[in-house]
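Undergrad: This structure is in structure tokens; I'll ask about it shortly.
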Amino acid sequence: MADGQALDEVVTFTSDLIRIDTTNRGGGDCRERPAAEYAAARLAEAGLEPALLERTEGRTNVVARIEGTDPSADALLVHGHLDVVPAQAGEWSVHPFSGEIRDGVVWGRGAVDMKNMDAMILAVVRSWAREGVRPRRDVVIAFTADEEASAADGSGFLADRHAALFEGCTEGIGESGAFTVHDGSGRQLYPLAAGERGTGWVKLTAHGRAAHGSRPNRENAVTRLAAAVTRIGAHQWPLRLTPTVRAALTELAALYGLDADLDDVDGLLEKLGPAARLVEATVRNSANPTMLEAGYKVNVIPGEAVAYVDGRYLPGHEDEFRATLDQLTGPDVNWEFHHHEVALQSPVDSPTYARMRAAVEEFAPEGHVVPYCMPGGTDAKQFSRLGITGYGFSPLKLPEGYDYGAMFHGVDERVPIEALHFGVRVLDRFLRTA
Numbered sequence: 002m003a004d005g006q007a008l009d010e011v012v013t014f015t016s017d018l019i020r021i022d023t024t025n026r027g028g029g030d031c032r033e034r035p036a037a038e039y040a041a042a043r044l045a046e047a048g049l050e051p052a053l054l055e056r057t058e059g060r061t062n063v064v065a066r067i068e069g070t071d072p073s074a075d076a077l078l079v080h081g082h083l084d085v086v087p088a089q090a091g092e093w094s095v096h097p098f099s100g101e102i103r104d105g106v107v108w109g110r111g112a113v114d115m116k117n118m119d120a121m122i123l124a125v126v127r128s129w130a131r132e133g134v135r136p137r138r139d140v141v142i143a144f145t146a147d148e149e150a151s152a153a154d155g156s157g158f159l160a161d162r163h164a165a166l167f168e169g170c171t172e173g174i175g176e177s178g179a180f181t182v183h184d185g186s187g188r189q190l191y192p193l194a195a196g197e198r199g200t201g202w203v204k205l206t207a208h209g210r211a212a213h214g215s216r217p218n219r220e221n222a223v224t225r226l227a228a229a230v231t232r233i234g235a236h237q238w239p240l241r242l243t244p245t246v247r248a249a250l251t252e253l254a255a256l257y258g259l260d261a262d263l264d265d266v267d268g269l270l271e272k273l274g275p276a277a278r279l280v281e282a283t284v285r286n287s288a289n290p291t292m293l294e295a296g297y298k299v300n301v302i303p304g305e306a307v308a309y310v311d312g313r314y315l316p317g318h319e320d321e322f323r324a325t326l327d328q329l330t331g332p333d334v335n336w337e338f339h340h341h342e343v344a345l346q347s348p349v350d351s352p353t354y355a356r357m358r359a360a361v362e363e364f365a366p367e368g369h370v371v372p373y374c375m376p377g378g379t380d381a382k383q384f385s386r387l388g389i390t391g392y393g394f395s396p397l398k399l400p401e402g403y404d405y406g407a408m409f410h411g412v413d414e415r416v417p418i419e420a421l422h423f424g425v426r427v428l429d430r431f432l433r434t435a
């Protein structure tokens, strides 16, 4: 088991990493190198030989390998990203890059997304070095840049240009899974992620006839765009159950003593109450309009108008997503992918999934582990190019009233120290047996 020093270090490392401002504003506006150097130094102190890798100056990734005891075993990737989304200091109770430790809680941007997991990985690896522990299979550690944007300077770059560093890796674990969900009736759920919806960020462009705003215009680009955006926003996507979501609904129904009527999923979700939040976003594709750009003067009808839509599609349903966008945009609006990544589906009956489940249950015997498909995406998408099956596993034991989902990209992001301690113990237990 991870030693007492590891429990102290995970708190220190989380706070230290938060204090290193790695805000990713998109468009290349980020510098992860100071955080990468910090992580690499901690790995080097544990006797590893981390490589620092960049596609773009300052956008640094860290990769290191721990050799296992069984050379015939497949390797396991353990990854976390170093960048964070922006934070407006005036909106926060503490400065978002203070890393303040107060009342048993570590505060700051990245406390949950996901410098906490980075710190857990470092703490476990260093604990092993002190004990002389070696895992059964090779473990490849990767700290990545640019996850909060396109991943082009991070996991995409590593997968495309440094595949040799991940030789033998068949499975990987990363963010968002094995966290406590309180259902309001005393039950504690621990969703383990075994899938992700695909990313389809879409740019819509409407063309029309530029003209004076006082004259009739049946070729108004703004009108055409607005009509398409309205159709997309109002569209009711059909139910589509993937194997992971089907397993999640079946296990949740059994847990709550309900009939797992998968012919009436909406009715089942209503009966599940708060637990439905784990699956309700992943029973359909989705497309939410988010940005509009048009015009430069109130009395001028522009010849072009642009909108952006955050689209997500389930594994196996990208073709349906594309065909539906063709239909909803209509003949007067063109669409293209602004950013596009694959959907992922991972087995929930694998030995690795069983070991993750067992690790959580050892330290949270009162909890109920359930399968989970992430509505968004992670670096697992890019690493899947290397044939790596990805799972979301960054364990945290959270108190009732703590809104885990609200911490992602939210104001006053924070993580309890006890949650970090639980995470280190569970991660250590899993990696020793993986």
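Sequential numbering of the sequence shown, starting at 2, is according to my numbering. Idealized CB from N, CA, C, for every residue including glycine.
Report the option in Val-223, Ala-3, Ala-120, Leu-259 whose CA atom is closest to the CA atom of Gly-214.
TA: Comparing Cα-Cα distances from Gly-214 to each of Val-223, Ala-3, Ala-120, Leu-259, the minimum goes to Val-223.
Undergrad: Using a Cβ-Cβ distance cut-off of 8 angstroms, determine whether Ser-94 contacts chain B.
TA: The chain inventory of the structure shown lacks chain B, comprising one protein chain alone.
Undergrad: Residues in the same chain with beta-carbon distance under 7 angstroms from Thr-200, minus the five sequence neighbours each way, listed in chain order, please.
TA: For Thr-200, where only same-chain residues beyond five positions count, the Cβ hits under 7 angstroms are Arg-313, His-340, His-341, Glu-342, Gly-378.
Undergrad: Have a look at Val-106 and Asp-380 and give me their C-alpha separation to the nearest angstrom.
TA: Roughly 27 angstroms between the two C-alpha positions.
Undergrad: Excluding the five sequence neighbours on either side, which residues of its own chain have a C-beta within less than 6 angstroms of the C-beta of Arg-386, listed in chain order?
TA: Ala-160, listed in sequence order.
Undergrad: Using the C-alpha atoms, what's the distance from Ile-233 back to Trp-108?
TA: So the alpha carbons of these two residues sit roughly 38 angstroms apart.
Undergrad: My output table needs one value for Val-425: the three-state DSSP class, helix, strand or coil.
TA: Val-425: helix per DSSP, three-state reduction.
Undergrad: Count the other CB atoms within 10 Å of the CB of Val-182; is the residue buried (16 or more) or exposed (fewer)?
TA: Buried: at least 16 other Cβ atoms inside 10 Å.
Undergrad: Are three or more beta carbon pairs between the region 277-289 and the region 230-244 nearer than 8 angstroms?
TA: Touching, per the Cβ criterion.
Undergrad: Shortest alpha-carbon distance to Arg-110 belongs to which of Asn-25, Ala-76, Leu-53?
TA: Comparing Cα-Cα distances from Arg-110 to each of Asn-25, Ala-76, Leu-53, the minimum goes to Asn-25.
Undergrad: Compare the C-alpha of Phe-144 against each of Asp-413, Gly-388, Val-299, Phe-384 and name the closest.
TA: The residue with the shortest Cα to Cα distance from Phe-144 is Phe-384.
Undergrad: In the DSSP assignment, the alpha helix (DSSP H) including Pro-35 goes from what residue to what residue?
TA: Note, Pro-35: alpha helix (DSSP H), 34-46.
Undergrad: Rounded to whole angstroms, what is the Cα-Cα separation between Ala-436 and Glu-101?
TA: Any answer about residue 436 is impossible in this case: the structure gives the chain only from 2 up to 435.
Undergrad: Could you pull the start and end residues of the alpha helix (DSSP H) that Thr-70 belongs to?
TA: First-last for Thr-70: undefined, no H or E at that position.
Undergrad: Whose CA, out of Ala-194, Tyr-392, Glu-148, lies closest to the CA of Lys-116?
TA: It is Glu-148 whose Cα lies nearest to the Cα of Lys-116.
Undergrad: In whole angstroms, what is the alpha-carbon distance linking Leu-166 and Gly-173?
TA: C-alpha separation (whole angstroms): 14 angstroms.
Undergrad: The alpha helix (DSSP H) with Phe-14 in it runs from where to where?
TA: That run of the alpha helix (DSSP H) goes 5-20.
Undergrad: Quick check on the burial criterion: 16 or more other C-beta atoms within 10 angstroms. Buried or exposed for Met-375?
TA: Answer is buried; the Cβ neighbour count reaches 16.
Undergrad: Select from Phe-431, Met-408, Pro-417, Arg-426 the residue whose C-alpha is nearest the C-alpha of Val-85.
TA: That would be Met-408, whose Cα lies nearest to the Cα of Val-85.
Undergrad: Taking the beta carbon of Met-118 as the centre, do at least 16 other beta carbons fall within 10 Å, making it buried, or is it exposed?
TA: Met-118 is buried by the Cβ-count criterion.
Undergrad: Is the distance from the Cβ of Val-63 to the Cβ of Ala-90 below 8 angstroms?
TA: No; because the gap between Cβ atoms is not below 8 angstroms, this pair is not in contact.
Undergrad: Check whether the Cβ atoms of Ala-365 and Tyr-191 lie closer than 8 angstroms to each other.
TA: Yes; because the gap between Cβ atoms is below 8 angstroms, this pair is in contact.
Undergrad: Go to Met-292, then tell me how far its beta strand (DSSP E) extends in each direction, as first and last residue.
TA: From DSSP, the beta strand (DSSP E) with Met-292 extends over 287-295.
Undergrad: Just to confirm before moving on: does the CB-CB distance between Leu-49 and Ala-37 stay below 8 angstroms?
TA: Cβ distance not < 8 angstroms, so Leu-49 and Ala-37 don't count as in contact.
Undergrad: Any chance the region 203-211 sits against the region 385-405, with 3 or more Cβ pairs inside 8 angstroms?
TA: Because the criterion of three Cβ pairs below 8 angstroms is not met, the region 203-211 and the region 385-405 do not touch.
Undergrad: Any heavy atom of the ligand MG closer than 7 angstroms to the beta-carbon of Ala-130?
TA: Among the components of this structure there are no ligands whatsoever, and the ligand MG is therefore not found.
Undergrad: If contact is defined by three or more beta carbon pairs under 8 angstroms, each pair taking one atom from either stretch, is the region 64-75 in contact with the region 130-144?
TA: Yes, since at least three Cβ pairs between the region 130-144 and the region 64-75 fall closer than 8 angstroms, the two stretches touch.
Undergrad: Where do the N-terminal and C-terminal ends of the beta strand (DSSP E) with Glu-342 fall, by residue?
TA: Per DSSP, Glu-342 belongs to the beta strand (DSSP E) from 334-342.
Undergrad: Leaving aside the five residues before and after Arg-32 along the sequence, list all residues of the same chain whose C-beta is less than 8 angstroms from its C-beta, in chain order.
TA: Within the same chain, Arg-32 has close Cβ partners Thr-23, Gly-59, Arg-60.
Undergrad: How big is the Cα-Cα spacing for Ser-128 and Leu-8?
TA: Each residue's Cα considered, the two are about 9 angstroms apart.
Undergrad: Go ahead and pull the three-state DSSP assignment for Val-95.
TA: Looking at Val-95 - three-state DSSP - the assignment turns out to be coil, as it is neither helix nor strand.
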